[in-house]
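Positions in the sequence shown are counted from 1; adding 6 to them yields the numbering used here.
Each residue gets a CB set at the ideal place from its N, CA and C atoms; glycine is no exception.
Just so you know, these numbers come straight off a predicted model, no measurement behind them.
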Amino acid sequence: MASVNLQPSVFSFLEQLKKNNDRNWFTENKSIYHQEAAVVAAFAGELLKEMNKHDVIETGSGAKSLYRIYRDVRFSKDKTPYSTYWGGRFKRAGKQRRGGYYYHLEPGGKTSLICGFWAPAAPDLKLIREDIAFDPAPLRKILTDPVFVKNFGGLRGEQLKTSPKGFDGTHESIDLLRYKQFLVRRQFSDQEVLGGSFLALANQAFKDMRPFLDYMSDVLSSDTNGLPI
Numbered sequence: 007m008a009s010v011n012l013q014p015s016v017f018s019f020l021e022q023l024k025k026n027n028d029r030n031w032f033t034e035n036k037s038i039y040h041q042e043a044a045v046v047a048a049f050a051g052e053l054l055k056e057m058n059k060h061d062v063i064e065t066g067s068g069a070k071s072l073y074r075i076y077r078d079v080r081f082s083k084d085k086t087p088y089s090t091y092w093g094g095r096f097k098r099a100g101k102q103r104r105g106g107y108y109y110h111l112e113p114g115g116k117t118s119l120i121c122g123f124w125a126p127a128a129p130d131l132k133l134i135r136e137d138i139a140f141d142p143a144p145l146r147k148i149l150t151d152p153v154f155v156k157n158f159g160g161l162r163g164e165q166l167k168t169s170p171k172g173f174d175g176t177h178e179s180i181d182l183l184r185y186k187q188f189l190v191r192r193q194f195s196d197q198e199v200l201g202g203s204f205l206a207l208a209n210q211a212f213k214d215m216r217p218f219l220d221y222m223s224d225v226l227s228s229d230t231n232g233l234p235i
């Protein structure tokens with residue numbers, strides 16, 4: 007595994023941007039932004055190489071995975087023009103590999119690696135709930151695996167306050183059926199992110215998320231009779 011480390015300067019830039027989140031300051035410091043973005047892109051590129059050893063990723067490069075720092079403020083009360091974190095996504099290749107991997111790098115212990123489904127389309131959400139209602143054991147097995155519990159704690163995401171329409175509120179797995187989002191997340195300290203082993207830690211975290219993504223891919227690529235969609 008190549009040694010590509012994130013330097014403290016990638017967080018220092020974000021800390022300064024948070025204090026000076028306006029276009030004038032950003033314009034004056036744009037060269038520094040490009041310099042630090044290149045470091046993050048290089049790190050993401052090495053991470054992508056490692057991930058392709060245990061999954062098939064469609065995203066072509068680290069640079070292509072990186073989100074724009076410019077915020078869309080049209081429908082937001084927060085009008086600050088720039089994001090104060092480095093974020094990006096690795097998309098899994100092929101329609102049979104559902105879901106994606108996300109990285110969010112932010113100082114103050116706010117760095118996290120995430121996989122899952124932020125806003126499943128109604129047909130997908132129905133498939134997931136129907137599979138859980140029919141047999142919750144496969145998902146329960148993943149969520150209670152010691153490695154999963156140690157690294158991720160549990161399933162995350164928004165939930166309904168009541169039972170979803172068409173499902174029995176007394177179902178044994180109503181706790182799972184209430185989910186509207188299905189996310190897995192691991193958080194990291196600044197020390198871990200800026201240490202010499204974050205590339206290996208990040209790659210292993212994404213690798214440990216695979217059983218969850220494989221389960222979801224199987225559910226979302228077949229109908230209730232198990233036939234490919």
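Could you round the C-beta distance between residue i and residue j to whole angstroms and report it? I think they count as a contact, below 8 Å.
i: L20; j: Y108; result: Going by Cβ atoms, the distance from L20 to Y108 rounds to 17 Å, so no, they are not a contact pair.
i: V190; j: R216; result: Actually they are not in contact, since the Cβ atoms of V190 and R216 sit about 10 Å apart, beyond 8 Å.
i: I148; j: F154; result: 6 Å
i: R98; j: V62; result: 7 Å
i: V10; j: L226; result: Contact flag wrong, Cβ pair sits at about 33 Å.
i: A47; j: L72; result: 5 Å
i: F96; j: M57; result: 6 Å
Following the continuous beta strand (DSSP E) through residue i, name the residue where it begins and the one where it ends.
i: F194; result: 188 to 194
i: F81; result: F81 -> no beta strand (DSSP E), and no H or E assigned at all.
Specify, as a first and last residue, the run of the alpha helix (DSSP H) that residue i falls within.
i: W31; result: 29 to 34
i: I120; result: That residue, I120, is in no alpha helix (DSSP H); its beta strand (DSSP E) goes 117 to 123.
i: Y221; result: 216 to 226
i: D137; result: 128 to 140
i: R146; result: 143 to 149
i: N26; result: No alpha helix (DSSP H) contains N26, which DSSP labels as neither H nor E.
i: N157; result: 152 to 158
By the three-class DSSP mapping on this structure, what secondary structure does residue i have?
i: I75; result: coil
i: R104; result: coil
i: K97; result: strand
i: Q2; result: The structure shown does not extend to residue 2, since the chain is modelled only from 7 through 235, so no value can be given for it.
i: H177; result: coil
i: L111; result: strand
i: Y91; result: coil
Among the options, which has the Cα closest to the Cα of residue i?
i: N209; options: K55, G201, G122; result: K55
i: G94; options: S37, R184, Q187, F49; result: F49
i: K156; options: E34, P170, Q102, A211; result: A211
i: I38; options: K59, S15, K83, K25; result: S15
i: D28; options: I75, K36, R80, P87; result: P87
i: F32; options: M57, I138, I75, L12; result: I75
i: K213; options: F158, P129, F17; result: F158
i: S1; options: S179, E178, R184; result: One cannot answer for residue 1 here, as it falls past the ends of the chain, which runs 7 to 235.
i: E178; options: P142, G202, L200, L207; result: P142
i: G106; options: D174, N35, E42, E64; result: E64
i: L127; options: H110, R104, P152, K85; result: Residue identity differs from the one stated: residue 127 is Ala in this sequence, not Leu. Comparing Cα positions, the closest option is R104.
i: Q165; options: L182, K171, S89; result: L182
i: S228; options: P129, W124, R146; result: P129
i: K186; options: D78, K101, W124; result: W124
i: R146; options: K59, F218, D78, G66; result: F218
Any 3 or more C-beta pairs closer than 8 Å across the region 125 to 142 and the region 218 to 229: yes
Inter-stretch contact at 8 Å, needing at least 3 Cβ pairs: the region 115 to 126 / the region 188 to 202: Three or more pairs of CB atoms, one per stretch, sit closer than 8 Å, so the region 115 to 126 contacts the region 188 to 202.
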